Structure formats: structure tokens, C-alpha cells
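Residue numbers (the working numbering), protein chains in the order written: chain A, 709 to 894; chain B, 11 to 322. The beta carbon of each residue, even a glycine, is placed where N, CA and C say it ideally should be. Computed from a predicted structure; not experimentally measured. Notes to accompany the following structure.
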């Protein structure tokens, strides 16, 4: 039963049953993009298209994402897949609470999604302490903006967030810090 | 099934997709050239009724023999096979004159299909031409490997959806016709709203539920309905990713799973090659286009899907 249910969610996200956490995030982002706004692939649909159906697909995708994240988390703690309580988390809701992405808000989103730093570290091949510094905005411990941007985008993708916006907003704070802390030139 | 019970000689490919100008003939000739280079014995059939041009991809200006003789004089298909200058490739040219799809009689069609299946070649590749005429769909349905060609634009996508939907609908109707269900299928489809049916998948599910004994028949027949998508003339990563979106939309809205087997980038070398009236794959062996065609064909054969650039 649990396995069938799991399979169903993987199907909704159009993934094989052995997909990694990263693939789950990527697929979620991709599908969300297709069904949030009308993609060129959706426009030519005829009578099959309905707004209701579009919303239903989007809901299913989001629900499958939440369940699979939870299942992956369970999996790593060596327990069988259990049905999750209520889907309490979607990245979009989080944005309303926190209008701009910052280190702490990203940490909050990550914790709500139930993703461990160690998982991200494994997927992105980044040290845990670097990720901790990122979330704590210990800017002095982070690499140059040009590298940081890449890490931020990958990190955001793993949380199911818009990588470009996350990188942009985070780097704005990073830049402000840099301008304040840099010794005056000349 | 053992080789001795196999009624067909070779493996049949059909290349269609609805819209004209998406590169069906180019892709048909390229699949053929690649398979021939791999040592397969290939016969190409130009079924683009009224718009036949496959011969020009092999430098033939006016084909001496064509399907016209089959339709008008009752010639046998095997007498119309002409060798091309390319090793291992022969061609049955299309009708360059006037035959209209509507003029083909039912018995002519059956005879044509029978003879196509008997063509003595390891691979028969049919260029279907544009449109979703029922004769075109029926030809598509006799293939072992069904390929649809698409370019990244709305009208082509719309035509392709139409083409695939109608092919599947025809397949369902034809399958059930033998069991006396043809009228019922059409009847339910015409009243689909009152049945709460929005797409062909739901129609199939409804039929299976209501008439459980046809369930296995449908499952068995529809298992062979496997569409391979190739996206032609892509210009950037977004175009390539569009194939994924199409696959998703087809599964989620139409209930028709397809395989995204390949993409071919837009390349001036292609139209140059067409102008020179030479097979592209031989002329531009080292081009990225040729590589993309090869991996597309390999994917179709192996039942694999594209690997997307940049790990998408």
C-alpha cells in the first residue's frame, strides 16, 4: 500500500521510483513552471484544457512533492514510508511571511520542508559548515559572490524555490555587507 | 513470437506529426541513411500523397517509378523499389502527380499495407507527410516504431496533439471493431460530456470498466501504441526543454504517454544539404546535427529518452 502510494507520487512528478532528492526538487520546479503559467505546450490544447484541471494538476504536483520530501526524510532515518499528516508547506506560502530571502528565512523554509543540511551537503557536494554559514549569513566565511551565486541557486533548487530570485535577494544582502565592511579605497 | 511465425519481413518505422514543413522527409531520409550505414538493408516509402519529395533527398529529380503506378495501374509495390546512390538504401517514390488521399479506396489501402509488410528489407521507413487524414493515421498505425516530428512552435504542437489523439482514437476503434464495438465507441465519444469523459484515456478507462472482457484486449493492443517524439530545429535550451513539457502535458491532459527520444538543433547545413539534393547524414557526418540524429535513432531502438544538456 505504502509503496503503491509512493509510486503514485513519483508518477505525478514524472520520475522513476529511485529518483534522488535533487531530481525530486528539479522535477517539481519544472512542472510548477509548466502548470503555473500557461506554457507553449499547454496553449494548443483544445477541449481537454480547463482551468480547473490545470489547478488540480498543480495541486497534485505540490502534494506529491511534499509527500516525497517527507518520504525521503523517513527513508534516511531507516523507517518505512508513512503517510504524512497535512501538507503544511509550500514555498510560495513562505514568501508571504518573508518577503525577501535571507539566510535565516532560507533555513526556516528548509526546516519546514524537512530537509537536513547533511542531505544538501551530500547532493551538492558542499561542506555542512559552509551551508551553516550561508544560513547564518556569516558572510566572511563564504566564498566570493560569483561562486556563492552558483551555490545559492543549487541550494534554492533543492528547496523548491526560484533559484534566480533566491540568489538575487541573498546576494543583495551580501553586497551590502561587503560595501560596509570593505576598507575605503585609497 | 519466433521468427518463423512473424508475418512481417522487416521492422516498419513511420514518421508523421501533422504539420507540414517540420522536417519529416529530412528525418525519414536521415533515419534511413543512419540505419543503412549501420549495415541495415533499408527501403524508404514516400507516402506524402500530393507532396512527395523524398526522392530529392537522394538526388533524384523525376522518379521513373512511383506509387502512381500502384494506385492507377495496380502495379505491385515490389516492382516500384528503386535503388539509390547510397549503399543499402532503396526508395519507393511517392505520387508526384495528382492522387488525393480521398481517392484511395479501402481495398487499395489494405493491399498497400499488405505489400508494405512484405517488402524485403530489414527496415522499412515510411514518410507520412502532413495532415491527419484517416489514411495517413492508418498508415501510421501499421508501424512498429511510430515517430512524430515537431518544431518548437504553437501550431506545430497543436497539429501534433491532434495527430496523436486521432491516431489513438482510431486504434481503439479498430481494435474494438472486430468485437462489434465500433459503434459503441463512437456513440460514447460523441456524448462524452454526459459521460464525464474529457480525453481518450478516460474513454478507454470507461470502456474497460463497463465491458470488463475487452479490458485485456485493449491493454494488449494499446501496449504497442508507443509514440516517439523528436523535436526538430531547436535553437536553445528552452526549446529542448519544451520536449519535456510536451511529454508532461500529453500525459497529464491527454492521458497519452509519449517518449521524448531526441532533438535536432537548427542548422543551416541542413537546408544547404537539401539544396544540394544529397543525403544529409553522409554529407555532414561530423556535424552536431548528425550526432543528434544518431542518438535519437539509437534511443528509439533502445526505448530510451533524451539526456538533457546541463543535467536538467
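Query raised in the report: Between which two residues does the beta strand (DSSP E) containing residue 272 of chain B stretch?
Result: Taking the first residue of the second chain as 1, we reach residue 272 of chain B at position 262. Run containing residue 272 of chain B: 268-275, per the beta strand (DSSP E) assignment.
Query raised in the report: Is the segment 857-877 of chain A close to the segment 716-733 of chain A, with three or more CB pairs under 8 Å?
Result: yes
Query raised in the report: Comparing the C-beta of residue 256 of chain B with each C-beta of chain A, is any distance below 7 Å?
Result: Stepping through the second chain from its first residue, residue 256 of chain B is reached at position 246. Yes, residue 256 of chain B counts as interfacial toward chain A.
Query raised in the report: Do we get a CB-CB distance below 7 Å when we pair residue 770 of chain A with the residues of chain B?
Result: Stepping through the first chain from its first residue, residue 770 of chain A is reached at position 62. By this cut-off, residue 770 of chain A is not an interface position.
Requested in this report: Go ahead and label residue 743 of chain A buried or exposed: buried means 16 or more other beta carbons lie within 10 angstroms of its beta carbon, across all protein chains shown.
Outcome: Indexing the first chain from 1 puts residue 743 of chain A at position 35. By the beta-carbon neighbour count (other beta carbons within 10 angstroms, threshold 16), residue 743 of chain A is buried.
Query raised in the report: Is residue 158 of chain B closer than 7 Å to residue 239 of chain B when the C-beta atoms are compared?
Result: Counting from one through the second chain, the residue named residue 239 of chain B turns up at place 229. Counting from one through the second chain, the residue named residue 158 of chain B turns up at place 148. A contact, by the Cβ cut-off of 7 Å.
Query raised in the report: Beta-carbon of residue 208 of chain B versus every beta-carbon of chain A: anything under 7 Å?
Result: Numbered from 1 along the second chain, position 198 holds the residue referred to as residue 208 of chain B. Residue 208 of chain B counts as touching chain A.
Requested in this report: Tell whether a beta-carbon distance below 7 Å holds between residue 715 of chain A and residue 725 of chain A.
Outcome: Taking the first residue of the first chain as 1, we reach residue 715 of chain A at position 7. Taking the first residue of the first chain as 1, we reach residue 725 of chain A at position 17. Yes, they are a contact pair.
Report task. State yes or no: is the beta carbon of residue 756 of chain A nearer than 7 Å to at least one beta carbon in chain B? Result -> Looking up residue 756 of chain A in the first chain gives position 48. With 7 Å as the cut-off, residue 756 of chain A counts as an interface residue toward chain B.
**Report entry** Contact set for residue 307 of chain B: own chain, Cβ-Cβ below 6 Å, skip 5 residues either direction
**Finding:** Within the second chain, residue 307 of chain B is the residue found at index 297, counting from 1. The residues are 41, 44.
**Report entry** Cβ distance (whole Å) where residue 135 of chain B is taken to contact residue 226 of chain B below 8 Å
**Finding:** For the purposes of this step, residue 135 of chain B is identified with residue 125 of the second chain, where counting begins at 1. For the purposes of this step, residue 226 of chain B is identified with residue 216 of the second chain, where counting begins at 1. With a Cβ gap of about 32 Å, residue 135 of chain B and residue 226 of chain B do not count as contacting.
Query raised in the report: Can you tell which of B/72, B/25, B/89 has the C-alpha that lies nearest to the C-alpha of residue 79 of chain B?
Result: Locating residue 79 of chain B in the second chain gives position 69, counting from the first residue. Comparing Cα-Cα distances from residue 79 of chain B to each of B/72, B/25, B/89, the minimum goes to B/89.
Query raised in the report: Could you give the residue range of the beta strand (DSSP E) that holds residue 238 of chain B?
Result: For the purposes of this step, residue 238 of chain B is identified with residue 228 of the second chain, where counting begins at 1. Note, residue 238 of chain B: beta strand (DSSP E), 237-244.
Query raised in the report: Taking Cβ-Cβ distances shorter than 9 Å, what residues in chain B pair up with residue 750 of chain A?
Result: Counting from one through the first chain, the residue named residue 750 of chain A turns up at place 42. Here the neighbours are 255, 259, 263.
Report task. Answer with buried or exposed for residue 289 of chain B, where buried requires no fewer than 16 other C-beta atoms within 10 angstroms of its C-beta. Result -> Reading the second chain from its first residue, position 279 is the one you call residue 289 of chain B. Buried, since its Cβ has 16 or more Cβ neighbours within 10 Å.
Query raised in the report: What residues in the segment 162-183 of chain B have a beta carbon less than 7 Å from any beta carbon of chain A?
Result: 164, 167, 168, 171
Report task. For residue 62 of chain B, count neighbouring C-beta atoms within 10 Å of its own C-beta (all shown protein chains included) and say buried if the count is 16 or more, exposed if not. Result -> If you number the second chain from 1, residue 62 of chain B lands on position 52. Burial call: buried.
Requested in this report: Rounded to whole angstroms, what's the CA-CA distance from residue 851 of chain A to residue 25 of chain B? Just pull it up for me.
Outcome: Counting from 1 along the first chain, the entry for residue 851 of chain A is found at position 143. Counting from 1 along the second chain, the entry for residue 25 of chain B is found at position 15. Cα to Cα, residue 851 of chain A sits roughly 52 Å from residue 25 of chain B.
Query raised in the report: Mind pulling the chain A residues with CB within less than 7 Å of residue 252 of chain B?
Result: Walking along the second chain from the start, residue 252 of chain B turns up at place 242. Result: 748, 749.
Requested in this report: State yes or no: is the beta carbon of residue 854 of chain A nearer than 7 Å to at least one beta carbon in chain B?
Outcome: Position 146 of the first chain, counted from the first residue, corresponds to residue 854 of chain A. Answer no: the Cβ-Cβ gap between residue 854 of chain A and chain B never drops below 7 Å.
Query raised in the report: From what residue to what residue does the alpha helix (DSSP H) around residue 145 of chain B run?
Result: The count along the second chain starts at 1 and reaches residue 145 of chain B at position 135. Counting along the chain, the alpha helix (DSSP H) containing residue 145 of chain B begins and ends at 144-151.
Query - Beta carbon proximity, residue 766 of chain A to chain B, threshold 7 Å - result: Here residue 766 of chain A is taken as the residue at index 58 of the first chain, counted from 1. No, residue 766 of chain A lies away from the interface with chain B (no Cβ there is under 7 Å from its Cβ).
Query - C-alpha distance - residue 175 of chain B paired with residue 838 of chain A, whole-angstrom precision - result: Your numbering for residue 175 of chain B matches position 165 in the second chain. Your numbering for residue 838 of chain A matches position 130 in the first chain. For residue 175 of chain B and residue 838 of chain A, the distance between alpha carbons rounds to 51 Å.
Query raised in the report: At a Cβ threshold of 7 Å, is residue 753 of chain A touching chain D?
Result: The structure shown has no chain D; the protein chains it does contain are A and B.
Query raised in the report: What do you get for residue 713 of chain A, buried or exposed, if any count of 16 or more other CB atoms within 10 angstroms of its CB means buried?
Result: Counted from its first residue, the first chain places residue 713 of chain A at position 5. By the 10 Å Cβ count, residue 713 of chain A comes out exposed.
**Report entry** Whole-number beta carbon distance between residue 781 of chain A and residue 822 of chain A, since they are thought to touch under 8 Å
**Finding:** Within the first chain, numbered from 1, the residue matching residue 822 of chain A stands at position 114. Within the first chain, numbered from 1, the residue matching residue 781 of chain A stands at position 73. With 8 Å as the limit, residue 822 of chain A and residue 781 of chain A qualify as a contact, their Cβ atoms being about 5 Å apart.
Query raised in the report: Would DSSP call residue 100 of chain B helix, strand or coil?
Result: In the second chain, counting from the first residue as 1, residue 100 of chain B sits at position 90. Strand, per DSSP.
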